[in-house]
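First to last, the sequence lines map onto chains A and B. One gets this note's numbering by counting positions in the first sequence from 1 and adding 28 to each. One gets this note's numbering by counting positions in the second sequence from 1 and adding 1 to each. Ideal Cβ placement from N, Cα and C applies to all residues, glycine included. As the structure is a prediction and not an experimental result, all values here were calculated from the model.
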Amino acid sequence: EAQVTQNPRYLITVTGKKLTVTCSQNMNHEYMSWYRQDPGLGLRQIYYSMNVEVTDKGDVPEGYKVSRKEKRNFPLILESPSPNQTSLYFCASSTVSNSPLHFGNGTRLTVT
Amino acid sequence: DAKTTQPPSMDCAEGRAANLPCNHSTISGNEYVYWYRQIHSQGPQYIIHGLKNNETNEMASLIITEDRKSSTLILPHATLRDTAVYYCIASRETSGSRLTFGEGTQLTVNP
Numbered sequence: 029e030a031q032v033t034q035n036p037r038y039l040i041t042v043t044g045k046k047l048t049v050t051c052s053q054n055m056n057h058e059y060m061s062w063y064r065q066d067p068g069l070g071l072r073q074i075y076y077s078m079n080v081e082v083t084d085k086g087d088v089p090e091g092y093k094v095s096r097k098e099k100r101n102f103p104l105i106l107e108s109p110s111p112n113q114t115s116l117y118f119c120a121s122s123t124v125s126n127s128p129l130h131f132g133n134g135t136r137l138t139v140t
Numbered sequence: 002d003a004k005t006t007q008p009p010s011m012d013c014a015e016g017r018a019a020n021l022p023c024n025h026s027t028i029s030g031n032e033y034v035y036w037y038r039q040i041h042s043q044g045p046q047y048i049i050h051g052l053k054n055n056e057t058n059e060m061a062s063l064i065i066t067e068d069r070k071s072s073t074l075i076l077p078h079a080t081l082r083d084t085a086v087y088y089c090i091a092s093r094e095t096s097g098s099r100l101t102f103g104e105g106t107q108l109t110v111n112p
């Protein structure tokens, strides 16, 4: 089944403790992206990647890192999480030729 | 990308057609109109997209006005499972990448 898989689904952590949220897709998509969703602010793009070893900042990249060493994986790294990064995170992927975005089921992160 | 304007909420009776409007008066000629929906904190789901012509698939129909300044998403026979936030997006990105999601329309389908 074609899908975008995020892990974990829920994560509670403390300020400053490094964490990684994984994202994997099995559709051989070139494009992958991370979004965060907060009440009243909608979905905002954090980082995106057009292909392996190619990443770029989205609208809200501060406090986040990403890497794209393999086509299928696009992990989101929070080196020193802070409470303002408490949010619902989504990973998405697509091809680069007129195709829709496929989203994962989300990761709900709480930083205390 | 062009700004889109949608009503914050709409109601629809189960079994009736749901018509969700979207204004994109500043849309340029190479910008597509995309529709996604999000059911209660799940990942957004692609519904349909179009450039100039009306489009139909198994989920919905997309009607784009001739001047392309507005569009309507039609769910022909709404069910309770169609209750969701619906996002209308105008973008020149043919890959669907770099889409900017606004607040969308909360559609509630009532029994």
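Self-check item: Endpoints, beta strand (DSSP E) assigned at A:Leu39
Solution: As a working note, residue 39 of chain A is residue 11 in the first sequence. Where A:Leu39 is concerned, the enclosing beta strand (DSSP E) stretches over 38-41.
Self-check item: A:Asn35 beta carbon near the ligand NAD (any heavy atom closer than 7 Å)
Solution: Of ligands this structure carries none, so the ligand NAD is not represented either.
Quiz prompt | Three-state class that DSSP yields for A:Leu71 in the structure shown | solution = Numbered from 1 along the first sequence, position 43 holds the residue referred to as residue 71 of chain A. In the three-state scheme derived from DSSP, where H, G and I count as helix and E and B as strand, A:Leu71 is classed as strand.
Exercise. Report all residues from its chain with a CB closer than 7 Å to the CB of B:Leu108; omit the five preceding and five following residues, and keep chain order.
Key: Numbered from 1 along the second sequence, position 107 holds the residue referred to as residue 108 of chain B. These residues qualify, in order along the chain: Met11, Cys13, Ala19, Leu21, Asp83, Thr84, Ala85, Tyr87.
Quiz item: On the premise that B:Cys89 lies in contact with B:Ser72, defined as a C-beta separation below 8 Å, what is that separation, rounded to the nearest angstrom?
Solution: As a first step, residue 72 of chain B is located in the second sequence; it is residue number 71 there, counting from the start. As a first step, residue 89 of chain B is located in the second sequence; it is residue number 88 there, counting from the start. Correct: roughly 7 Å between the Cβ atoms.
Quiz item: Would DSSP call A:Gln31 helix, strand or coil?
Solution: Position 3 of the first sequence, counted from the start, is the residue given in the question as residue 31 of chain A. A:Gln31: coil per DSSP, three-state reduction.
Exercise. For B:Gln104, go through chain A and note every residue whose CB falls closer than 9 Å to its CB, in chain order.
Key: To locate residue 104 of chain B, count along the second sequence from 1; it is residue 103. According to the sequence displayed, residue 104 of chain B carries Glu and not Gln. Chain A residues near B:Glu104: Gly68, Leu69, Gly70.
Quiz item: If we ignore side chains and look at the alpha-carbon of each, how far apart do B:Leu74 and B:Ile64 end up?
Solution: The residue labelled residue 74 of chain B in the question sits at position 73 within the second sequence. The residue labelled residue 64 of chain B in the question sits at position 63 within the second sequence. B:Leu74 and B:Ile64: Cα-Cα distance of roughly 6 Å.
Exercise. Closer than 7 Å by beta-carbon distance: list the chain A residues that pair up with B:Pro8, in chain order.
Key: Position 7 of the second sequence holds residue 8 of chain B. Those do not exist, as B:Pro8 stays about 15 Å from chain A at its closest Cβ, beyond 7 Å.
Practice problem: Rounded to whole angstroms, what's the CA-CA distance from A:Leu189 to A:Gly86? Just pull it up for me. | Solution: Look at the range of chain A in this structure, 29 to 140, and you will see that residue 189 of chain A is not part of it.
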